[in-house]
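**Q** In our numbering, the protein residues as written are 12 to 132.
The C-beta atom is built at its ideal place from N, Cα and C for all residues, glycine as well.
This structure is a prediction, so every number in the text was calculated from the model and none was measured.
Pasting a structure below so you can have a look.
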């Protein structure tokens, strides 16, 4: 059986280390906020909640990168995450991870894969 996919956004909406695109994910625990960004040419998606305290990471919608464009940052706690893995390298949740979502990019679009990782978050 093929995995179900949902279009998040057109590929052109994600610039390298630029503004992210917010979207929502249906889980067994209800609807959760999420985001997708482009880093090193690849799309990365996570639930939009800091690993320290579950608050949304972007104070300004779509602003997930720090000023250098190297790390994802929680605007509330200043926690810094590696974009490819969601691993926290600095801040109160050092050593923890963001919840990664399965996405793929093809045919000019970025798609959320509806699999167990997504549905059971």
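(1) Can you tell me whether residue 74 is helix, strand or coil according to DSSP?
(2) Go to residue 98, then tell me how far its beta strand (DSSP E) extends in each direction, as first and last residue.
(3) Under DSSP, the beta strand (DSSP E) around residue 122 begins and ends at which residues?
(4) How should residue 49 be labelled, buried or exposed, when 16 other C-beta atoms within 10 angstroms of its C-beta is the threshold for buried?
(5) Quick one: using the 10 Å Cβ neighbour count with 16 as the cut-off for buried, is residue 90 buried or exposed?
(6) At which residues does the beta strand (DSSP E) containing residue 41 begin and terminate?
(7) Is DSSP giving residue 17 helix, strand or coil here?
(8) Whole angstroms are fine: how far does the CA of residue 34 sit from the CA of residue 66?
(9) Quick one: is residue 71 buried, meaning 16 or more other Cβ sit within 10 Å of its Cβ, or exposed?
(10) Hey, would you say residue 24 sits closer than 9 Å to residue 114, going by beta carbons?
**A** Reading off the structure:
(1) In the chain shown, residue 74 corresponds to position 63, counting from 1. Looking at residue 74 - three-state DSSP - the assignment turns out to be coil, as it is neither helix nor strand.
(2) Translated into the one-based positions of the chain shown, residue 98 becomes position 87. Where residue 98 is concerned, there is no enclosing beta strand (DSSP E), given that its DSSP letter is neither H nor E.
(3) In the chain shown, counting from the first residue as 1, residue 122 sits at position 111. Its beta strand (DSSP E) spans residues 120-125.
(4) What you label residue 49 is simply residue 38 of the chain shown in a count that begins at 1. By the neighbour-count rule (16 or more Cβ atoms within 10 Å), residue 49 is buried.
(5) Here residue 90 refers to the residue found at position 79 when the chain shown is read from its first residue. So residue 90 ends up on the buried side.
(6) Taking the first residue of the chain shown as 1, we reach residue 41 at position 30. Where residue 41 is concerned, the enclosing beta strand (DSSP E) stretches over 41-50.
(7) The residue you call residue 17 lines up with position 6 of the chain shown. In this structure, residue 17 counts as strand in the three-state DSSP scheme.
(8) Taking the first residue of the chain shown as position 1, residue 66 is located at position 55. Taking the first residue of the chain shown as position 1, residue 34 is located at position 23. About 15 Å.
(9) Position 60 of the chain shown, counted from the first residue, corresponds to residue 71. By the neighbour-count rule (16 or more Cβ atoms within 10 Å), residue 71 is not buried but exposed.
(10) Taking the chain shown and counting its residues from 1, one reaches residue 24 at position 13. Taking the chain shown and counting its residues from 1, one reaches residue 114 at position 103. Cβ atoms of residue 24 and residue 114: not closer than 9 Å.
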